[in-house]
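J.: In mature numbering (1 follows the signal peptide of the UniProt record, and there is no 0), the protein residues as written are -37 to -1, 1 to 95.
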């Protein structure tokens, strides 16, 4: 068999397997939705409430989460700065391999920074959509 023919055959097989998996997944998902509609929710109306431990606990956990979030933001900013310096150094020295690697690192750092910065609106949106 020629390598090109073998590659085409593998691509066709992969597409067929992906289509079959998607069809089976959708069938199971739709079947599970009708089955779960018959089961009552045992936790209906129950929501987490940190007010049980008082205002001190409520403000403490929010401070801890804010501190962790700030540390992650600072880490992402440091990665962006390091990536930018790698790209700048590779450009000034003419190293194409290092430039490609630095550009990829910088892109990854910028995407991570964007996602971390948008964590609150993203989580809020998901909770709004799920909560109805």
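Where a beta carbon is used, it is the ideal one built from N, C-alpha and C, also for glycine. Source: prediction; values computed, not measured.
1) Determine, using beta-carbon pairs with one atom in the region 68 to 77 and one in the region 40 to 57, whether at least three such pairs fall under 8 angstroms.
2) Specify the secondary structure class of residue 3 as computed by DSSP and reduced to three states.
3) If you reduce the DSSP assignment to three classes, tell me which class residue 57 lands in.
4) Near residue 61, which residues of its chain fall below 8 angstroms by C-beta distance, leaving aside the five closest residues on each side in sequence?
5) Take residue 79 and list the residues in its own chain whose beta-carbon comes closer than 7 angstroms to its own, dropping the five residues that flank it on each side.
6) Looking at the secondary structure, which residues open and close the alpha helix (DSSP H) in which residue 85 lies?
T.: On the basis of the supplied data:
1) Yes, since at least three Cβ pairs between the region 68 to 77 and the region 40 to 57 fall closer than 8 angstroms, the two stretches touch.
2) Taking the first residue of the chain shown as position 1, residue 3 is located at position 40. Three-state DSSP puts residue 3 in coil, outside helix and strand.
3) As a first step, residue 57 must be located in the chain shown, where it is residue number 94. Residue state, collapsed to three classes: coil.
4) On the chain shown, residue 61 is found 98 positions in, with the first residue counted as 1. Closer than 8 angstroms at the Cβ level, and outside the excluded window around residue 61, lie 49, 52 and 53.
5) Within the chain shown, numbered from 1, the residue matching residue 79 stands at position 116. Excluding sequence neighbours, residue 79 sits near 35, 36 and 39.
6) Counted from its first residue, the chain shown places residue 85 at position 122. Taken as a continuous stretch (DSSP letters only), the alpha helix (DSSP H) holding residue 85 covers 82 to 94.
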